[in-house]
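Residue numbers (our numbering), protein chains in the order written: chain A, 63 to 217; chain B, 63 to 217.
In this text, a Cβ means the ideal position worked out from N, Cα and C, and glycines have one as well.
Presented below is the structure to which this report refers.
2 protein chains.
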Amino acid sequence: MKLSLRGEYALRALLVLGLDHVENDAVVRIQNISDRQHIPKRFLEQILNDLKTAGIVESKRGIAGGYRLRKSPDHITLAEVIRYIEGPLAPVSCVSERYYEKCSCPDEKKCGIRSVMQEVRDAIVKILEGVTLAQLCERVRKLQGDHSNPLDYII
Amino acid sequence: MKLSLRGEYALRALLVLGLDHVENDAVVRIQNISDRQHIPKRFLEQILNDLKTAGIVESKRGIAGGYRLRKSPDHITLAEVIRYIEGPLAPVSCVSERYYEKCSCPDEKKCGIRSVMQEVRDAIVKILEGVTLAQLCERVRKLQGDHSNPLDYII
DNA sequence: ATAAATCTATACTAAGTCAATAGAGATTAT
DNA sequence: ATAATCTCTATTGACTTAGTATAGATTTAT
Chain A
63 MKLSLRGEYA LRALLVLGLD HVENDAVVRI QNISDRQHIP KRFLEQILND LKTAGIVESK
123 RGIAGGYRLR KSPDHITLAE VIRYIEGPLA PVSCVSERYY EKCSCPDEKK CGIRSVMQEV
183 RDAIVKILEG VTLAQLCERV RKLQGDHSNP LDYII
Chain B
63 MKLSLRGEYA LRALLVLGLD HVENDAVVRI QNISDRQHIP KRFLEQILND LKTAGIVESK
123 RGIAGGYRLR KSPDHITLAE VIRYIEGPLA PVSCVSERYY EKCSCPDEKK CGIRSVMQEV
183 RDAIVKILEG VTLAQLCERV RKLQGDHSNP LDYII
C-alpha cells in the first residue's frame, strides 16, 4: 500500500472530525484541524475537498464555516477513505477487486506470486475494512487515558 | 506496500532461477529469463545486479555466463527480496522496524492510526516472511499441474 | 451594506520516483 | 581473436508527490 502523506493527512483530519463529532450541525474550521494535526493548511483544503466529493464530509461556508462528517463515524471505514484518496489497497493491481488491471506475467492463473499477493491483499483489506472511524476515535481516547470526554464541552 | 514493477520483476526472475535451481553450478542467462517472463532485458540486468549486491544471486561472466541463486531457495523469503528491492514493507515508516522514521503526528504513542498501521504491517510481514522462494516454486509447480518435475532433467 | 473569515477551484512548481534505454567496458569459452 | 555474456554509470521522459499561489464565492457579525 504505502500510504502517502496525503492519505495520512486525510485520516488525521477525519480523526479530528470524528473526535469532535456531535449530533448537531457544528463544524470544525480547517485552521483548527491544521493546527491540531500540523498539516499545511492549503494542502489540507484540497484533501478535505476531495473527501467532500467522496461524500465522507460536508462543509459550511462563510465566516462561521468549516467541515463536519457527512456520515456517522461508525459507517466510515479506513479502507473506504484510503481507497478514495490513494487508490487500490492491493500491492499489485492484478489482485485488486475494484481497480483490477492485467499484469505482464505469462499466465495469471498459474502465477505463484499473484497467489501470495492475493493473501497480502486480503489481510490488508480485512484489517482496514474492519476498523471504522468510530473505533479509531475510541482507540485514541483510550490511548489518551480517556481524559477529554467530548461531552465536557457541551453546555 | 504497492510493489513496483521493479520488485515484481525481481520476484519473477528469482522464480525462474528457483525453478531451474539444481545443486551444480549451472547458470541461467538474462536473455532466457527475459524471454520467459517478458521482462525488458536491459532493465532486468540492473535488477539482477542489485540482487547480486544483496547476496541473493551470484553471476558468472563471459560467453557461458549467467545467474544462479547464491542461497538455497528455502533460505530466501519474499520479504527479504522485497525489502531489498523496494524498501520498507510497512505502509507508513513510523511503524517500520528497520526503516523507522518519525512522522509528523502530534504524539506517536497516542496515535490511533499508527496502531492500526502497525497491525497492517504485522500482517504483511507475517505473510511475506512466511513464504520462501522454494515454497513459491512449489506453488507454481502445483498450479501448472505438476508437469515438469525438475528431477526428470537430472537423469 | 460591508467587512472579514471562511470554503472553492484551478493552476503552477520543484523535487523526486519509475521504468526503462544507452553506451562503453570487463570477462570468458571457444 | 571473437562473440556473447555480465558490469557499471549515465540519461531520459513520463508521472507522482507535496505543496504553494491566485483569485473567487459564500456566509455571518456588525
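Check	Outcome
Taking 9 Å as the CB-CB limit, is HIS100 (chain A) close to chain B?	yes
Could you work out which residues of chain A lie near PRO168 (chain B), taking near to mean beta carbons separated by less than 8 Å?	ARG98, GLN99 and HIS100
With DSSP collapsed to three states, give me the class of SER96 (chain B).	helix
Thinking ILE175 (chain B) and LEU73 (chain A) are a contact (beta carbons under 8 Å), I'd like their distance in whole angstroms, please.	5 Å
What does the Cβ neighbour count give for SER96 (chain A), buried or exposed, with the cut at 16 atoms within 10 Å?	buried
Against chain B, with Cβ distances strictly below 9 Å, would ILE186 (chain A) count as a contact?	yes
Rounded to whole angstroms, what is the Cα-Cα separation between ILE125 (chain A) and GLU70 (chain A)?	28 Å
What does a CB cutoff of less than 8 Å around TYR162 (chain B) pick up in its chain, not counting 5 residues either side in sequence?	SER155 and CYS156
What's the C-alpha gap between ASP184 (chain A) and ALA88 (chain B)?	38 Å
Count the other CB atoms, across all protein chains shown, that sit within 10 Å of the CB of VAL143 (chain B); report buried if there are 16 or more and exposed otherwise.	buried
Is the Cβ of GLN93 (chain B) closer than 9 Å to any Cβ of chain A?	no
Contact check, LEU195 (chain B) vs TYR129 (chain B) under 8 Å by CB: the rounded distance?	About 14 Å separates the two Cβ atoms, so there is no contact after all.
Can you grab the Cα-Cα spacing for the pair SER166 (chain A) / ASN111 (chain B), in whole Å?	22 Å
Within its chain, find whatever has a CB closer than 8 Å to the CB of GLU181 (chain A); leave out the 5 residues flanking it on each side and keep chain order.	none
If we call anything under 9 Å between Cβ atoms a contact, is ILE92 (chain A) one with LEU106 (chain A)?	yes
As a quick exercise: from B:GLN99, B:ARG68 and B:LEU76, pick the residue whose alpha carbon is nearest that of LEU131 (chain B).	B:LEU76
Cβ of ILE147 (chain B) less than 9 Å from any chain A Cβ?	no
I'd like the span of the beta strand (DSSP E) that includes GLU120 (chain A), first residue to last.	119-122
What is the C-beta distance between CYS199 (chain A) and LEU81 (chain A), in whole angstroms, given that I count them as a contact (C-beta under 8 Å)?	5 Å
Can you tell me where the alpha helix (DSSP H) holding ARG130 (chain B) begins and where it ends?	Unbroken run through ARG130 (chain B) is the beta strand (DSSP E), 128-131; no alpha helix (DSSP H).
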